[in-house]
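Participant:
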Amino acid sequence: MDVLTIIIMLILFILAMIFIFSTALLTPYIGKKNFISVLMLGLVVGLVGGAFLLSPIVDDIPDFTRTIVEESVEGTDLMELDLSTNGNLTQIIENISSITGVQNVSYEGITIKINENFATDNDRARFINNLNNSNENISNVEDRGEKEFFVRITDGGDPQSVLTSIYQTFSSNTYIHLRYTSMKANATVAANNITKIMSAVGNSGAVILNVTGPTEDQIATINKYVPDKTNVILISGILGVVVATVGFFIDSIFTFTSKTKKKSRKTSPRDKIKRKTVPRTNKKSSKRDSIDIFDDSFDKSSKQTIGSNKNFKQLTESDLKSKNNSDSNRKKKVSGIFSGINKNNKKDVPKKGSNTNGTPRFRPKRKD
């Protein structure tokens, strides 16, 4: 499974969770009595999504992990190989050594297994001696018991010629039949290209028995924490139930969090400002004189450099008295000016019944 397929399957699983959440948001329409139905929907969709979307991804996690680890790891890995004795051993080793990333191929010898024990110890000793002298590339023959012998090859010896000598010894110098032969080798390979090397080695007539090194150690550590398919399906079902529950109670959750934030909100410096009315001021008047009394932290706060607070001056009782006196004097001056104007206006207005021409007034006589 490639990376694009994994991404698509993850997106589909996320869309399934969004569907569960959206359905749970319809609480005002479906009613809170259907809470069990919403939970069952979340469980079923979660299980189906886990079985068909997440389980295939879990199966490919080891290969995906190997690809990621190989891009970052450095050093070499040791690959244990079982070579097929049905082919040419020398040619197989040369083919493996020519693979890109293979640094060295080492081997010790060939293991042979017989179908029955020798009749006497002399027969056994004669067989070992004949096998040692059959080829110059054989350094020693070890009897490991349980009808098994190990033919050790000299450094740089030709393994195929040794195998041919073993077959000739069994066909002419002993009555014991050969059951099988096998040869093991170790290949030192580059750790950052282990996957391609393993594929090429498998096509060269060798079987990979084990791989050790930094790459396999990191992969084993990561895979140790990867859950199996059954656990993934169960976790997906539980996740669907959780998503349904959150969507069902999302309104209550937001309401609770907003109230908690309001209660836990810290008091700002402006909230600490205290207001106080200066003594001997008439509270019933339309104009009130008041001052701001700040706490001690205001002297060192940044408010001292903002606007009019920089030149803030606290009012005192004497300042208010002088202000009242100046207001009263101003009123007297204004009233004096307007009073003179009123007097002049009164002089110009003629009095009722007065004789403006200075002619004496008299009452006419009544005619009889």
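First residue of the sequence shown? That's 0 in numbering that gives the first Met the number 0, and the numbers climb one at a time after it. The C-beta atom is built at its ideal place from N, Cα and C for all residues, glycine as well.
(1) Would you mind reading off the limits of the alpha helix (DSSP H) that contains PHE248?
(2) For THR254, which of helix, strand or coil comes out of DSSP?
(3) Below 8 Å on the Cβ atoms is my guess for VAL44 versus ILE17; work out the distance and round it to an integer in Å.
(4) Where are the alpha helix (DSSP H) runs, 4 residues long or more, that stay fully inside the segment 48-122, in chain order?
(5) On the criterion of 16 or more Cβ atoms from any shown chain inside 10 Å, does SER21 qualify as buried, or is it exposed?
(6) Helix, strand or coil, according to DSSP, for SER368 in the structure here?
(7) Is it buried or exposed for GLU70, if we count other Cβ within 10 angstroms and need 16 for buried?
(8) Does the beta-carbon of ALA23 have 16 or more other beta-carbons within 10 angstroms, so that it is buried, or is it exposed?
(9) Kindly give me the distance between the Cβ atoms of THR180 and ASP76, rounded to whole angstroms, as I take these residues to be in contact under 8 Å.
(10) So LEU25 is in the alpha helix (DSSP H); what residue range does that whole segment cover?
(11) Can you give me the C-alpha to C-alpha distance between ASN132 and ASN139, rounded to a whole angstrom?
(12) What are the boundary residues of the beta strand (DSSP E) that includes ASP142?
(13) Just mark VAL240 as buried or exposed, buried being the case when its beta carbon has 16 or more other beta carbons within 10 Å.
(14) Are at least three pairs of beta-carbons, each pair with one atom in the segment 34-41 and one in the segment 177-195, less than 8 Å apart?
(15) Less than 8 Å between the C-beta atoms of ILE196 and VAL101, yes or no?
(16) Helix, strand or coil: which one does DSSP assign to THR180?
(17) Assign ILE35 to one of three DSSP states: helix, strand, or coil.
Facilitator: Let me lay it out:
(1) No alpha helix (DSSP H) contains PHE248, which DSSP labels as neither H nor E.
(2) helix
(3) Not really, about 11 Å apart at Cβ, beyond 8 Å.
(4) 54-58, 60-71, 88-96
(5) exposed
(6) Examination of residue 368 is not possible in this model, given that the chain is present from 0 through 367 alone.
(7) exposed
(8) buried
(9) Not confirmed; about 27 Å, so no contact.
(10) From DSSP, LEU25 is part of no alpha helix (DSSP H); its letter is neither H nor E.
(11) 10 Å
(12) 137-144
(13) buried
(14) no
(15) yes
(16) strand
(17) helix
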